[in-house]
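Note that our numbering has the sequence shown beginning at 514, numbered continuously upward. Think of the CB as a built atom: it goes at the ideal place given N, C-alpha and C, for glycine as much as any other residue.
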Amino acid sequence: MKTKISLLALFLAFSISNVLAHALWIETASMGKKGQPQDVKVFFGEYESNEPDTAAKWFSNLKDFKLVLTAPNGTTKVLTASPDVLFYKASFTPDQDGTYKISIVHEVASVYEKAKIEYYAFADVAVGTSKVNTTFPAGAVLTIRPVKHGLKAGETAIHEVIYHNKPFANQKLTVVGPDKKGQPTKTDVQGKFIFKPAARGNYFLEAFTEDKIPGKLNGQDYEKTWHLVTYTTEVK
Numbered sequence: 514m515k516t517k518i519s520l521l522a523l524f525l526a527f528s529i530s531n532v533l534a535h536a537l538w539i540e541t542a543s544m545g546k547k548g549q550p551q552d553v554k555v556f557f558g559e560y561e562s563n564e565p566d567t568a569a570k571w572f573s574n575l576k577d578f579k580l581v582l583t584a585p586n587g588t589t590k591v592l593t594a595s596p597d598v599l600f601y602k603a604s605f606t607p608d609q610d611g612t613y614k615i616s617i618v619h620e621v622a623s624v625y626e627k628a629k630i631e632y633y634a635f636a637d638v639a640v641g642t643s644k645v646n647t648t649f650p651a652g653a654v655l656t657i658r659p660v661k662h663g664l665k666a667g668e669t670a671i672h673e674v675i676y677h678n679k680p681f682a683n684q685k686l687t688v689v690g691p692d693k694k695g696q697p698t699k700t701d702v703q704g705k706f707i708f709k710p711a712a713r714g715n716y717f718l719e720a721f722t723e724d725k726i727p728g729k730l731n732g733q734d735y736e737k738t739w740h741l742v743t744y745t746t747e748v749k
């Protein structure tokens with residue numbers, strides 16, 4: 514009997530860690546040009562292990578995500594994304610200078626291990642002379658905010674984590690570089706952290722938190738909400 518209980522506990526622990534290891538993320542070039550199409554890809558899976566799930570196997574209503582483009586002037590539009598084998602793909606053509614923010618705010622329709630899951634994914638595209646775009650969707654409870662775009666390898670920039678519109682102090686993050694090795698870091702009392710990419714390539718920043726507020730989702734009771742945010746950027 515004890516063996517069965519131990520195996521069940523191990524299975525549940527593995528299941529929870531497995532779902533938390535999965536994330537939704539956006540990949541696109543960090544620099545764009547007016548009049549030239551910009552490709553965007555949306556993945557779901559384990560970034561650090563380089564194991565994206567096939568688009569056909571995305572669980573619950575994950576495939577119903579909305580990919581929102583916020584232009585430098587603040588206007589928004591939903592980009593049409595179509596499935597490929599390992600990702601969903603979309604594109605847009607910049608028509609103004611500034612920073613375009615690409616975002617996903619998605620609530621999973623199914624309750625998992627008594628938890629509601631909310632995914633947030635962000636990426637920025639700088640076109641011409643640009644300032645950091647600080648416009649985030651209203652539903653984005655947890656965000657990672659850069660203070661500088663177009664970083665080069667070896668440069669240092671201060672980023673911040675915001676939770677419920679307030680700086681998130683002492684929040685743990687993981688930064689995964691081109692070598693796919695995760696490096697843990699943490700925000701300070703002002704919700705800020707140092708981002709210093711050592712090499713060129715894509716960088717994946719991820720943060721997770723949990724709140725204990727219970728509720729009901731699509732007729733299912735939940736005891737807590739898991740918030741998982743990713744921010745991806747390309748370092749030249």
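Rounded to whole angstroms, the separation of the alpha carbons of Thr593 and Thr669 is 35 Å. Around the beta carbon of Ser595, fewer than 16 other beta carbons sit within 10 angstroms, so the residue counts as exposed. Excluding five sequence positions before and after Gln733, the CB atoms of its chain that fall closer than 8 Å to its own CB belong to Ser623, Val624, given in chain order.
Annotation: the stretch 518 to 606 contains the following complete segments of the beta strand (DSSP E) (minimum length 3 residues), in chain order: 536 to 540, 551 to 559, 580 to 583, 589 to 592, 601 to 605. In this structure, the straight-line span from the alpha carbon of Glu626 to that of Val638 is close to 36 Å. For Val674, the number of other beta carbons within 10 angstroms of its own is at least 16, and it is reported as buried.
Note on geometry: alpha-carbon atoms of Ile671 and Pro659 lie some 7 Å from one another. Within the same chain, Glu561, Asn563 come within 7 Å of Lys693 by CB-CB distance, once the 5 residues on both sides are set aside. With distances taken between CA atoms, Phe717 lies nearest to Ala634 out of Ala634, Ala584, Val618, Tyr601. The beta carbon of Val702 sits closer than 6 Å to those of Ala682, all from its chain and outside the five residues before and after it, given in chain order.
By the Cβ criterion, the stretch 606 to 623 is in contact with the stretch 532 to 552, since at least three pairs of Cβ atoms, one from each stretch, lie closer than 8 Å.
A straight-line Cα-Cα distance of about 14 Å links Ile707 and Lys665.
Asn586 counts as exposed, since fewer than 16 other C-beta atoms from the protein chains shown sit within 10 angstroms of its C-beta. By a beta-carbon distance limit of 8 Å, Ile657 does not contact Ala636. Their separation comes to about 11 Å.
DSSP, read as helix, strand or coil, puts His672 in strand.
Ala651 and Pro680 have their C-alpha atoms some 16 Å from each other. Counting the other Cβ atoms within 10 Å of the Cβ of Pro565 gives 16 or more, which makes it buried. By the criterion of a C-beta distance shorter than 6 Å, Phe721 is surrounded in its chain by Leu741, once the five residues flanking it on both sides are discounted. Exclusion of the five residues before and after Ala542 leaves Gln551, Asp552, Val638, Glu747 as the residues of its chain whose Cβ lies within less than 8 Å of its Cβ.
In this structure, the straight-line span from the alpha carbon of Lys725 to that of His677 is close to 14 Å.
By the Cβ-count criterion, Lys547 is exposed, with fewer than 16 other Cβ atoms from all chains shown falling within 10 Å of its own Cβ. For the stretch 629 to 663, the continuous beta strand (DSSP E) assignments of 3+ residues that do not extend past its boundaries occur at 655 to 658, in sequence order. With distances taken between CA atoms, Lys644 lies nearest to Gly663 out of Thr743, Trp538, Thr745, Gly663. In this structure, Leu686 sits away from Glu723, with a CB-CB distance that is not shorter than 8 Å. Here the alpha carbons of Ala653 and Tyr744 stand approximately 13 Å from one another.
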